[in-house]
Amino acid sequence: MSIPKNQPPKAGRRTSHYFDPTPAAASKPRSVFLHLPGLDLELQADRGVFGSRGIDIGTLSLLREAPAPPSAGDILDLGSGYGPIALALAKQAPEARVWAVDVNERALELTRVNARTAGTANVTACLPDEVPAGTRFAAIYSNPPVRVGKAPLHELLLRWLPRLEPGACAYLVVQRNLGSDSLAAWLATQGYEVKRIKSKKGYRILEVSPRTAS
Numbered sequence: 003m004s005i006p007k008n009q010p011p012k013a014g015r016r017t018s019h020y021f022d023p024t025p026a027a028a029s030k031p032r033s034v035f036l037h038l039p040g041l042d043l044e045l046q047a048d049r050g051v052f053g054s055r056g057i058d059i060g061t062l063s064l065l066r067e068a069p070a071p072p073s074a075g076d077i078l079d080l081g082s083g084y085g086p087i088a089l090a091l092a093k094q095a096p097e098a099r100v101w102a103v104d105v106n107e108r109a110l111e112l113t114r115v116n117a118r119t120a121g122t123a124n125v126t127a128c129l130p131d132e133v134p135a136g137t138r139f140a141a142i143y144s145n146p147p148v149r150v151g152k153a154p155l156h157e158l159l160l161r162w163l164p165r166l167e168p169g170a171c172a173y174l175v176v177q178r179n180l181g182s183d184s185l186a187a188w189l190a191t192q193g194y195e196v197k198r199i200k201s202k203k204g205y206r207i208l209e210v211s212p213r214t215a216s
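Okay, here's the thing in C-alpha cells:
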C-alpha cells in the first residue's frame, strides 16, 4: 500500500537540521580530520551538526583559498559548527580572539571540546546573543547556512556584516548551485563590495566589504 505524498509525518518524529538549536538526531560522536598545510587536527563531530561525516569541501576551500586572518583583534566564524574554521584561524592567529558563533548547542559544545584538545584557548564558542554588542571584527569567515532559507540567511548576514571594523572584510564560501551568484548580487544592493576571489569545485569564495563613499 502506498502512502500519499502529502501525508504528514508521524507524531513525535521530525527531520533534524544542523541549524536547529537542539538537534533531534540522537548523538553518535565520531572523529573527523582537518588537513591543511602546516596543520593537522583531529576533531570530534556528531550527528545533527553540519559536516558530521567529515570536513566539507566548502569549508576546506575557504580555509585554503581565503586570505590568512589578521594577527590580532576579534575574528568571527559565523555558523561555526564543531569548529574547523575557528580552530584553523586560532592556530594561525594565536594573538587574536576567535568567536565561534552558532545556534546549535551541540555544535558549540563540540567546538569547546575541540578547542581544548587543540590548545586554542583564544577560541570562544557561544550563541549569537552572547557576543558583546560592542564587539567589532577585524575579519569574518563563514560557510553560511544557506539551507536555512534566503530570508533568514539575508537577515543573518545583515546582522553581522555591519560589525566589521573599517577596512575589514568578510570571506564567505557558497556553492554555485545553492545561489552564490545571486547572493553576491543581493549583497551589492545592500551597500557591499563583493569580489569573487576563487571558484573551485563548484564553490565561490566571496570577499565582502562595505562600499566606501566615492
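Residue numbers for the sequence shown follow my numbering, beginning at 3 and rising by one. Just so you know, even glycine gets a beta-carbon here, dropped at the ideal spot from N, CA and C.
Helix, strand or coil for residue i per DSSP?
{"i": "Gln192", "result": "coil"}
{"i": "Asp76", "result": "strand"}
{"i": "Gly60", "result": "helix"}
{"i": "Val125", "result": "strand"}
{"i": "Ala141", "result": "strand"}
{"i": "Ala102", "result": "strand"}
{"i": "Pro154", "result": "helix"}
{"i": "Thr119", "result": "helix"}
{"i": "Ala68", "result": "coil"}
{"i": "Thr113", "result": "helix"}
{"i": "Glu107", "result": "helix"}
{"i": "Ser182", "result": "helix"}
{"i": "Val51", "result": "coil"}
What do you get for residue i, buried or exposed, if any count of 16 or more other CB atoms within 10 angstroms of its CB means buried?
{"i": "Thr122", "result": "buried"}
{"i": "Thr113", "result": "buried"}
{"i": "Asn116", "result": "buried"}
{"i": "Gly53", "result": "buried"}
{"i": "Asn145", "result": "buried"}
{"i": "Ile199", "result": "exposed"}
{"i": "Gly204", "result": "exposed"}
{"i": "Ser63", "result": "buried"}
{"i": "Arg55", "result": "exposed"}
Assuming residue i is part of the alpha helix (DSSP H), what are its boundary residues?
{"i": "Pro130", "result": "Segment: none, Pro130 is in no alpha helix (DSSP H) and carries neither H nor E."}
{"i": "Leu91", "result": "Pro86 to Gln94"}
Where do the N-terminal and C-terminal ends of the beta strand (DSSP E) with residue i fall, by residue?
{"i": "Glu44", "result": "Leu41 to Ala47"}
{"i": "Glu167", "result": "Leu166 to Gln177"}
{"i": "Val210", "result": "Tyr205 to Pro212"}
Is residue j closer than 7 angstroms to residue i when the C-beta atoms are compared?
{"i": "Thr61", "j": "Pro86", "result": "yes"}
{"i": "Ala120", "j": "Leu89", "result": "yes"}
{"i": "Trp101", "j": "Val133", "result": "yes"}
{"i": "Pro71", "j": "Ala127", "result": "no"}
{"i": "Leu180", "j": "Val148", "result": "yes"}
{"i": "Leu41", "j": "Val34", "result": "no"}
{"i": "Tyr194", "j": "Ala68", "result": "no"}
{"i": "Asp58", "j": "Ser82", "result": "no"}
Could you please give me the residues that DSSP links to residue i through a beta bridge?
{"i": "Ser33", "result": "Gln46"}
{"i": "Leu38", "result": "Leu41"}
{"i": "Arg198", "result": "Leu208"}
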